[in-house]
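*Asks:* Got a structure here, written out as structure tokens. Questions coming.
2 protein chains.
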Amino acid sequence: MARRDSTLRIETDCSACPIRHRAVCAQCEPDELSVLNDIKTYRSWKAGETVVMEGEPLDFAASVVQGCATLTRSMEDGRTQMVGLLLPSDFLGRPGRDRTAYQVTAATDLTLCMFRRSAFEALLRDTPHVADRLLEMALDELDAAREWMLLLGRKTAREKVATFLLMILRRATLDGGPARAELPITRDAMATYLGLTIETVSRQMTALRRDGVIATDGLRGISTADPGLLAEAAGEDADGAPIV
Amino acid sequence: MARRDSTLRIETDCSACPIRHRAVCAQCEPDELSVLNDIKTYRSWKAGETVVMEGEPLDFAASVVQGCATLTRSMEDGRTQMVGLLLPSDFLGRPGRDRTAYQVTAATDLTLCMFRRSAFEALLRDTPHVADRLLEMALDELDAAREWMLLLGRKTAREKVATFLLMILRRATLDGGPARAELPITRDAMATYLGLTIETVSRQMTALRRDGVIATDGLRGISTADPGLLAEAAGEDADGAPIV
DNA sequence: CGTGGCTTTGAAACGGGTCAAGACTGGTGG
DNA sequence: CCACCAGTCTTGACCCGTTTCAAAGCCACG
Numbered sequence: 044m045a046r047r048d049s050t051l052r053i054e055t056d057c058s059a060c061p062i063r064h065r066a067v068c069a070q071c072e073p074d075e076l077s078v079l080n081d082i083k084t085y086r087s088w089k090a091g092e093t094v095v096m097e098g099e100p101l102d103f104a105a106s107v108v109q110g111c112a113t114l115t116r117s118m119e120d121g122r123t124q125m126v127g128l129l130l131p132s133d134f135l136g137r138p139g140r141d142r143t144a145y146q147v148t149a150a151t152d153l154t155l156c157m158f159r160r161s162a163f164e165a166l167l168r169d170t171p172h173v174a175d176r177l178l179e180m181a182l183d184e185l186d187a188a189r190e191w192m193l194l195l196g197r198k199t200a201r202e203k204v205a206t207f208l209l210m211i212l213r214r215a216t217l218d219g220g221p222a223r224a225e226l227p228i229t230r231d232a233m234a235t236y237l238g239l240t241i242e243t244v245s246r247q248m249t250a251l252r253r254d255g256v257i258a259t260d261g262l263r264g265i266s267t268a269d270p271g272l273l274a275e276a277a278g279e280d281a282d283g284a285p286i287v
Numbered sequence: 044m045a046r047r048d049s050t051l052r053i054e055t056d057c058s059a060c061p062i063r064h065r066a067v068c069a070q071c072e073p074d075e076l077s078v079l080n081d082i083k084t085y086r087s088w089k090a091g092e093t094v095v096m097e098g099e100p101l102d103f104a105a106s107v108v109q110g111c112a113t114l115t116r117s118m119e120d121g122r123t124q125m126v127g128l129l130l131p132s133d134f135l136g137r138p139g140r141d142r143t144a145y146q147v148t149a150a151t152d153l154t155l156c157m158f159r160r161s162a163f164e165a166l167l168r169d170t171p172h173v174a175d176r177l178l179e180m181a182l183d184e185l186d187a188a189r190e191w192m193l194l195l196g197r198k199t200a201r202e203k204v205a206t207f208l209l210m211i212l213r214r215a216t217l218d219g220g221p222a223r224a225e226l227p228i229t230r231d232a233m234a235t236y237l238g239l240t241i242e243t244v245s246r247q248m249t250a251l252r253r254d255g256v257i258a259t260d261g262l263r264g265i266s267t268a269d270p271g272l273l274a275e276a277a278g279e280d281a282d283g284a285p286i287v
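Protein chains in written order, with this note's numbering: chain C, 44 to 287; chain E, 44 to 287.
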């Protein structure tokens, strides 16, 4: 899993940061950035490692710099639902609360840009650009969570899998590249995200491939020749954004 | 449905507002309140009326003063999922975006305290107390949405219904009153919220009553003698807040 | 005393879960 | 270089919970 062939040397200078323009610091001016620069620290986890356990203290806020983290919520008997998938530039943490309701796990090798919670809360008070951006990001997350509620409550297994693949292709293909991507998570994690079992995910992947909706390249690589077909399989509105 | 026997005369003065201490204006000082006072307007809808259609312009932000509104998201073929249930003090609107992705419907007779979008956005810039509170509320909504994802993805029909009833009882029984409440929505709306069919909701309500977990009083009234039993039926962690 | 909307109940069908093998992949050590 | 192994994924057969389809009951209201 440690496929970190290009271990991109993390810059300590914010202005060269790969997520600079999309993260919680996106709207900061140079002087604000230098404040951030002074209080941030980087930390990395290997794929599979736990970042924080459900219900434990979370004494930092952070941005995903590189890799993929998952948020999951579990019931006593072990049933588990993923409630968030954090990709580079996404935010982790909950200002005003000192523990997390979710288990945070590194799905791939992961690097976070972290701030102590107290320092970050001071930042929120003093730096409107950070608070504004955080509100914007929280509202985007809320929209995404609600979109996922529609998927979990009403979509069929086939539509669920197709929707997930489409989302990954869209996030990977930011500016009109080819519709091809590496899945950042295992089948198991996909099942946890989609409210399915791993067997059902596997069967639907096979069915979508058999039907010519997607092509696979190894276990993790996916692509689609006809994004419209995939969007249709995902049960998307015809007027939905025809990206990818 | 127009059971508005106590048509509480809405005060125009914020300081006497029933949701004053929990809404987006909760942290405002007297002088800030007077600014709000000047730009707000009230508007009411009858049960069943549509406030805004999915995808239409939403040129205001608002707080629920009285009644209950629902947010729903639909697919082309008509499948519908409720993604939010707004009770008094809850916030409606999306600063920074001019249209809504959800259909907003009055589930009961409804009164909103509204602000023009532009005026509200100005308020956000000038009144940190409002912006702070809005961020806090957005993060609470996000937690609630994620909790609902666990329900939609992993809970059984019986657990879903029990969870909903428990949530209603908890919100109605704010400070240790008896565990009794009126359901603010129809069976149909419950089904839409829980990702079930109306028939399944009805069957599970019957089963919970038969099993002595709840008692019903007419179609809308519910109560429970043993909140622990209901929490268990809802699949809650033993260490979950034992409220109600 | 109908009428229409909402709710309950029943019987049958079906989608996804469960259980159980088996196949593929990448890494390790002989 | 190949055999082995553990982890991951795929496939098959069967089962069960929820949906679907259909009909009847209840209630408020005119």
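All C-beta atoms in this analysis are idealised placements derived from N, C-alpha and C, irrespective of residue type, glycine included.
1) Below 8 Å on the Cβ atoms is my contact criterion, and I expect Ala174/C with Ala174/E to pass it. Report the Cβ-Cβ distance as a whole number of Å.
2) Along the beta strand (DSSP E) that carries Leu153/E, what are the first and last residues, could you check?
3) Excluding the 5 residues flanking Arg86/C on each side, which residues of the same chain have their C-beta closer than 8 Å to its C-beta?
4) Considering only residues of the same chain and omitting the five flanking positions on each side of Lys83/C, which have a CB-CB separation below 7 Å?
5) Is it true that the region 124 to 144 of chain C meets the region 247 to 261 of chain C, where meeting means three or more beta-carbon pairs spaced less than 8 Å apart?
6) Pairs of beta-carbons, one from the region 192 to 200 of chain C and one from the region 191 to 206 of chain E, closer than 8 Å: are there three or more?
7) If we call anything under 8 Å between Cβ atoms a contact, is Ala69/E one with Arg176/E?
8) Could you tell me whether the region 70 to 79 of chain C touches the region 111 to 131 of chain C, where touching means 3 or more Cβ pairs closer than 8 Å?
9) Where Ile286/E and Gly261/C are concerned, what is the direct C-alpha to C-alpha distance, given to the nearest angstrom?
10) If you count every other CB in all the chains shown that lies within 10 Å of the CB of Ser106/E, and 16 or more means buried, which is it?
11) For Leu208/E and chain C, any beta-carbon pair shorter than 8 Å?
12) Using a Cβ-Cβ cut-off of 8 Å, state whether Leu195/E counts as contacting chain C.
13) Among Thr199/E, Lys203/E, Leu76/E and Glu202/E, which has the Cα closest to the Cα of Asp56/E?
14) Classify Tyr85/E as helix, strand or coil using the three-state DSSP reduction.
15) Return the chain-ordered list of same chain residues with a C-beta closer than 6 Å to the C-beta of Arg65/E, the five sequence neighbours on each side being excluded.
16) Please name the residue, chosen from Lys89/E, Val95/E, Ala149/E and Ala104/E, that lies closest to Thr113/E on a Cα-to-Cα basis.
17) List the residues of chain C whose Cβ lies closer than 7 Å to the Cβ of Glu326/E, in chain order.
18) Verify the CB distance criterion: does Gly271/C have a CB-CB separation below 8 Å to chain E?
19) Which runs of the beta strand (DSSP E) spanning at least 3 residues fall entirely within the region 69 to 125 of chain C, listed in chain order?
20) Taking all protein chains shown into account, do 16 or more other C-beta atoms lie within 10 angstroms of the C-beta of Asp280/C, making it buried, or fewer, making it exposed?
21) Would you identify the three-state DSSP class for Pro61/E, choosing helix, strand or coil?
22) If you drop the 5 nearest sequence neighbours on each side, which residues of the same chain put their C-beta closer than 6 Å to that of Gly127/C?
23) Say whether the region 264 to 278 of chain E touches the region 224 to 232 of chain E, bearing in mind that this needs 3 or more beta-carbon pairs closer than 8 Å, one atom from each stretch.
24) Whose Cβ in chain E lies nearer than 9 Å to the Cβ of Ala150/C?
25) So, Ala205/E versus Ala276/E, is the Cβ gap smaller than 8 Å?
26) What is the DSSP secondary structure of Ile228/C, reduced to helix, strand or coil?
27) Give the C-beta separation of Leu60/E and Ile228/E to the nearest angstrom, bearing in mind that I take them to be a contact with Cβ-Cβ under 8 Å.
28) Please state whether DSSP places Ser132/C in a helix, a strand or coil.
29) Can you tell me whether DSSP reads Ile265/E as helix, strand or coil?
30) Among Phe103/C, Leu208/C and Arg197/C, whose alpha-carbon lies nearest the alpha-carbon of Arg230/C?
31) Specify, as a first and last residue, the run of the beta strand (DSSP E) that Val147/C falls within.
32) At what residues does the beta strand (DSSP E) containing Thr259/C begin and finish?
33) Rounded to the nearest angstrom, what separates Pro100/C and Leu272/C at their Cα positions?
34) With H, G and I counted as helix, E and B as strand and the rest as coil, what does DSSP make of Gly196/C?
35) Using DSSP with H/G/I as helix, E/B as strand and the rest coil, what is Leu212/E?
*Replies:* Checking against the coordinates, here is how it stands:
1) The beta carbons of Ala174/C and Ala174/E sit about 6 Å from each other, so the pair counts as a contact at 8 Å.
2) It spans Leu153 to Arg159 - the beta strand (DSSP E) in which Leu153/E sits, taken as one unbroken run.
3) These residues qualify, in order along the chain: Thr154, Leu155 and Met157.
4) Answer for Lys83/C: Cys156, Met157 and Phe158, listed in chain order.
5) Contact fails: fewer than three Cβ-Cβ distances are below 8 Å.
6) Proximity of the region 192 to 200 of chain C to the region 191 to 206 of chain E meets the contact definition, three or more beta-carbon pairs being nearer than 8 Å.
7) The answer is yes: Cβ separation under 8 Å.
8) Verdict: no, contact absent.
9) A caution first: Ile286/E carries a pLDDT of 49, below 50, which makes its placement in the model unreliable, though a value can still be read off. Distance between the alpha carbons of Ile286/E and Gly261/C is about 50 Å.
10) Per the 10 Å Cβ criterion, buried.
11) For Leu208/E, no CB of chain C lies under 8 Å from its own CB, so it is not counted at the interface with that chain.
12) Proximity of Leu195/E to chain C, defined by a Cβ-Cβ separation below 8 Å, is satisfied.
13) Nearest C-alpha to Asp56/E among Thr199/E, Lys203/E, Leu76/E and Glu202/E: Leu76/E.
14) DSSP places Tyr85/E in strand when its eight states are reduced to three.
15) Contacts found: Ser132.
16) The shortest CA-to-CA distance from Thr113/E to any of Lys89/E, Val95/E, Ala149/E and Ala104/E is the one to Ala149/E.
17) The shown model of chain E, from 44 to 287, leaves out residue 326/E, and the question about it has no answer.
18) Chain E contact via Cβ: absent.
19) Under the rule that a run must span 3 or more residues, the beta strand (DSSP E) segments found entirely inside the region 69 to 125 of chain C read 84 to 88, 93 to 95, 103 to 109 and 112 to 117.
20) Flag for Asp280/C reads exposed.
21) Here Pro61/E sits in coil by DSSP.
22) Correct list, in chain order: Leu114.
23) Counting C-beta pairs with one atom in each stretch, the region 264 to 278 of chain E and the region 224 to 232 of chain E have three or more that are closer than 8 Å, which means they touch.
24) Residues of chain E whose Cβ lies closer than 9 Å to the Cβ of Ala150/C do not exist; the shortest such Cβ separation is about 17 Å.
25) Yes.
26) Three-state DSSP puts Ile228/C in coil, outside helix and strand.
27) Sequence check: residue 60/E is Cys here, not Leu. A Cβ-Cβ separation of about 24 Å leaves Cys60/E out of contact with Ile228/E under the 8 Å criterion.
28) If DSSP states are grouped into helix, strand and coil, Ser132/C belongs with coil.
29) The answer is strand: DSSP assigns Ile265/E an E or B state.
30) Relative to the Cα of Arg230/C, the nearest Cα in the group Phe103/C, Leu208/C and Arg197/C belongs to Leu208/C.
31) Val147/C -> beta strand (DSSP E) spans Gln146 to Ala149.
32) DSSP places Thr259/C inside the beta strand (DSSP E), whose first and last residues are Ala258 to Asp260.
33) Taking the straight line joining both Cα atoms gives about 45 Å.
34) Looking at Gly196/C - three-state DSSP - the assignment turns out to be helix.
35) DSSP places Leu212/E in helix when its eight states are reduced to three.
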